[in-house]
Amino acid sequence: MYSAIKRFLIGKPLKSKELREQKITKTKALALLSSDALSSVAYGTEQILIVLAAVSSAALWYSLPIAAGVMILLTALILSYRQIIFSYPHGGGAYVVSRENLGVNPGLVAGGSLLVDYILTVAVSVSAGTDAITSAVPMLHPYHLLIAIVLVLLIMVLNLRGLTESASILAYPVYLFVAALLILIAAGSYKLLTGQIEPAEHAAVGTPVAGLSLFLLLKAFSSGCSALTGVEAISNAIPAFKDPAPKNAANTLAMMGILLAVLFSGITMLAFGYGITPKSEETVVSQIASETFGRSFLYFFIQGTTSMILVLAANTGFSAFPQLAFNLARDKYMPRMFTVRGDRLGYSNGIIFLGIASIVLIVLFNGQTEHLIPLYAVGVFIPFTLSQTGMCLKWMREKPDGWIAKMIINAAGAAISAVVLLILFITKFALVWPIVIFMPIVIWAFYVVKKHYTAVSEQLRITGKPLEPIKGNIVIVPVAGVTSVVEKSVQYAKTLSDQVIAVHVSFDKEEEKKIEKKWEALQNGVRLVTLYSSYRSLIHPLEKFLETVEAKAASYNYSVMVLVPQFIPKKSWHNILHNQSALLLRLRLLWKKDIVVATLPYHFKK
427 MYSAIKRFLI GKPLKSKELR EQKITKTKAL ALLSSDALSS VAYGTEQILI VLAAVSSAAL
487 WYSLPIAAGV MILLTALILS YRQIIFSYPH GGGAYVVSRE NLGVNPGLVA GGSLLVDYIL
547 TVAVSVSAGT DAITSAVPML HPYHLLIAIV LVLLIMVLNL RGLTESASIL AYPVYLFVAA
607 LLILIAAGSY KLLTGQIEPA EHAAVGTPVA GLSLFLLLKA FSSGCSALTG VEAISNAIPA
667 FKDPAPKNAA NTLAMMGILL AVLFSGITML AFGYGITPKS EETVVSQIAS ETFGRSFLYF
727 FIQGTTSMIL VLAANTGFSA FPQLAFNLAR DKYMPRMFTV RGDRLGYSNG IIFLGIASIV
787 LIVLFNGQTE HLIPLYAVGV FIPFTLSQTG MCLKWMREKP DGWIAKMIIN AAGAAISAVV
847 LLILFITKFA LVWPIVIFMP IVIWAFYVVK KHYTAVSEQL RITGKPLEPI KGNIVIVPVA
907 GVTSVVEKSV QYAKTLSDQV IAVHVSFDKE EEKKIEKKWE ALQNGVRLVT LYSSYRSLIH
967 PLEKFLETVE AKAASYNYSV MVLVPQFIPK KSWHNILHNQ SALLLRLRLL WKKDIVVATL
1027 PYHFKK
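The sequence shown begins at 427 in the numbering used here and counts up by one.
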């Protein structure tokens, strides 16, 4: 049944040679890897206006120069990440760039920040989308947590089906959202220019505003920079593109930057033209759509696609997290299971881990993850800063043709990102302080994993020293009773060694005598040792006996094997009808350093 359900959910397994067919085109990649960045248009302008409106409505004109500043940073990041794509065509993005140019620790900080950021991406995006759904249908609000969990599981399953299939399904909502906002911007701009909508009476551009400090302007700018989250995802996922992968990835990145710039600046200009002020009960995009189209079909179309893109922004995390986890696992900083491709040739362990981690986060915050948005922004600007700084050092060290211009681009990106990061820490420290505690824990975890794999490698390495030969083998067969299973187990043990000992742990003296009489009747030539357990423990007396045998065997350079008979019922549910003593025994004995544990299965026919 498990196999049938799995096939239904994720499809039939794909052959390894079909990996090339799972590569995605630029059109699909734009939808798959840009959903996070494009979705931020829905709240980026609003975040700026919330800070400015707290001063006065006269300060709202500052949203235009602040948006221009965000666009300058976006341009620097797009140009910088294009250079990263061509310099590191095998993917890895900020982690690989920082590790190779700044050192291991900065690389791990960049990688760890992005891993955490992708988990936050899924949790925040799905929670925001769920809020949009429950706002449209208030009767669903009591079930918002369940809806969020179901949405995460749905997106996770789609990604487990493979990049090509998930991209084919998820591309439609993303492009519908882009089309909806382009229609809104075009129609709104036309109505403003033709006077169909009277421009709002607001302070003109350049009007001095009392009480507006540089601190508040910087806070508004850092809030608007939340629109840039997800820009780095394409550089992490270059191997997912069809050949030529670097060129296709760079073109996709450029297209994403153009769309993001047009949508963000368009929404910001319409908000200023309409004199929109942020409201707790209605988003800025909703207000603009309502002013432009009224409560018509187009209004609900825009709201519907906005809700979908907020949910599907999580897909950027599901696309980029597994590839980043693969790079870290390849360098032995994460478990090797993240390097394994699943049935559909995706890094399914990374996808499942991300899904579970984001669900845990959603449950912990009861679906109210809006307080994580500043943490989410910090998590992405740390790798922005490190990767651009790393590229500067790369150009200074290698000095290729045109390196000065390339370094200037990366230096600008690094400087602006560092400033934004500093502003975020200063203006929103009350919300972002957990990263100061959490990131060292993540880095420590990376080093613990690395230390383990290093130790394992040392122990598995062939030293060339001759090994002391094993002269013989003592086989111990635990006996619960005198049955056909025991008889066959003893018979098999005798083919392995001429020194076989059967051991029975007894809880009752009378039962012990009966077992001994039955054993004598078998006349199989194997000695039975009975151990009486006063406290009804099966494991403890057997362990004591094995320690004695092991000590004597070591003096003669003999090995000790415990051959455990195991019942295998015809039906899986029959397992609950047995006490599973063999399983418990094996689990305990596996920790014994010098004892070989073997299982002899006995399959029941009915």
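Don't be surprised by glycine CBs; every beta carbon is placed ideally from N, CA and C.
Using the C-alpha atoms, what's the distance from residue j back to residue i?
{"i": "TYR918", "j": "VAL905", "result": "14 Å"}
{"i": "GLY538", "j": "TYR873", "result": "12 Å"}
{"i": "ALA844", "j": "SER639", "result": "21 Å"}
{"i": "ILE559", "j": "VAL804", "result": "27 Å"}
{"i": "ALA947", "j": "GLN925", "result": "20 Å"}
{"i": "VAL988", "j": "ILE1021", "result": "7 Å"}
{"i": "VAL846", "j": "VAL806", "result": "11 Å"}
{"i": "THR921", "j": "THR742", "result": "58 Å"}
{"i": "ILE474", "j": "PRO564", "result": "28 Å"}
{"i": "LEU580", "j": "THR811", "result": "34 Å"}
{"i": "THR1025", "j": "LEU886", "result": "25 Å"}
{"i": "PHE683", "j": "TYR802", "result": "Residue identity check: residue 683 is Gly in the sequence provided, not Phe. Rounded to the nearest angstrom, the two C-alpha atoms are 20 Å apart."}
{"i": "LEU584", "j": "ILE778", "result": "11 Å"}
{"i": "MET695", "j": "LYS438", "result": "49 Å"}
{"i": "CYS818", "j": "ILE660", "result": "20 Å"}
{"i": "ALA675", "j": "ALA463", "result": "15 Å"}
{"i": "GLU591", "j": "SER985", "result": "53 Å"}
{"i": "MET681", "j": "LEU1015", "result": "59 Å"}
{"i": "LEU459", "j": "VAL548", "result": "13 Å"}
{"i": "LEU1010", "j": "GLN949", "result": "30 Å"}
{"i": "HIS1004", "j": "ALA977", "result": "33 Å"}
Using the Cβ count rule (16 or more neighbours within 10 Å means buried), how would you classify residue i?
{"i": "ILE728", "result": "buried"}
{"i": "GLN713", "result": "buried"}
{"i": "PHE747", "result": "buried"}
{"i": "PHE726", "result": "exposed"}
{"i": "ARG756", "result": "exposed"}
{"i": "PRO892", "result": "exposed"}
{"i": "PHE933", "result": "exposed"}
{"i": "LYS996", "result": "exposed"}
{"i": "MET760", "result": "buried"}
{"i": "TRP999", "result": "exposed"}
{"i": "ASP557", "result": "buried"}
{"i": "ASN527", "result": "buried"}
{"i": "MET822", "result": "exposed"}
{"i": "LYS943", "result": "exposed"}
{"i": "ALA653", "result": "buried"}
{"i": "THR620", "result": "exposed"}
Over the uninterrupted beta strand (DSSP E) stretch that includes residue i, give me the two end residues.
{"i": "VAL926", "result": "925 to 932"}
{"i": "GLY898", "result": "898 to 904"}
Starting from residue i, trace the alpha helix (DSSP H) in both directions and tell me its first and last residue.
{"i": "ASN792", "result": "Unbroken run through ASN792: none, as it is neither H nor E."}
{"i": "MET822", "result": "799 to 824"}
{"i": "HIS570", "result": "570 to 586"}
{"i": "HIS878", "result": "860 to 886"}
{"i": "ARG756", "result": "740 to 756"}
{"i": "PHE851", "result": "829 to 853"}
{"i": "THR718", "result": "710 to 719"}
{"i": "TRP945", "result": "935 to 948"}
{"i": "PHE603", "result": "589 to 619"}
{"i": "MET497", "result": "489 to 513"}
{"i": "LYS920", "result": "910 to 922"}
{"i": "VAL523", "result": "519 to 528"}
Only counting the same chain, and skipping five residues up and downstream in sequence, which positions put a Cβ closer than 6 Å to that of residue i?
{"i": "LEU602", "result": "THR731"}
{"i": "LEU440", "result": "ARG770 and LEU771"}
{"i": "ARG525", "result": "GLY533"}
{"i": "THR909", "result": "none"}
{"i": "LYS454", "result": "ALA593 and ALA597"}
{"i": "THR471", "result": "ILE693, THR694, ALA697 and VAL710"}
{"i": "VAL522", "result": "TYR514"}
So, at 8 Å on beta carbons, what are the nonlocal neighbours of residue i in its own chain, with the 5 sequence-adjacent residues on each side left out?
{"i": "PRO672", "result": "ILE511, PHE512, PRO515 and ILE664"}
{"i": "GLY637", "result": "VAL481 and SER482"}
{"i": "VAL688", "result": "LEU608 and ILE611"}
{"i": "LEU490", "result": "VAL631, THR694, MET695 and PHE698"}
Is there a C-beta anywhere in chain C that falls below 7 Å from the one on residue i?
{"i": "ALA549", "result": "In the structure shown, chain C cannot be found, because there is only a single protein chain."}
Which residues in the same chain as residue i place their Cβ atom closer than 7 Å to its Cβ, once the five residues preceding and following it in sequence are excluded?
{"i": "ILE436", "result": "VAL583, LEU586, ARG587, ASP769 and ARG770"}
{"i": "ASN983", "result": "GLU894, ILE896 and LYS897"}
Minimum length 4: unbroken alpha helix (DSSP H) runs contained in the stretch 641 to 690: 659 to 662
Alpha helix (DSSP H) segments (min. 4 residues) lying fully within the stretch 950 to 1022: 965 to 981 and 1007 to 1015
Whole alpha helix (DSSP H) elements within the stretch 428 to 472, 4-residue minimum: 428 to 436 and 452 to 465
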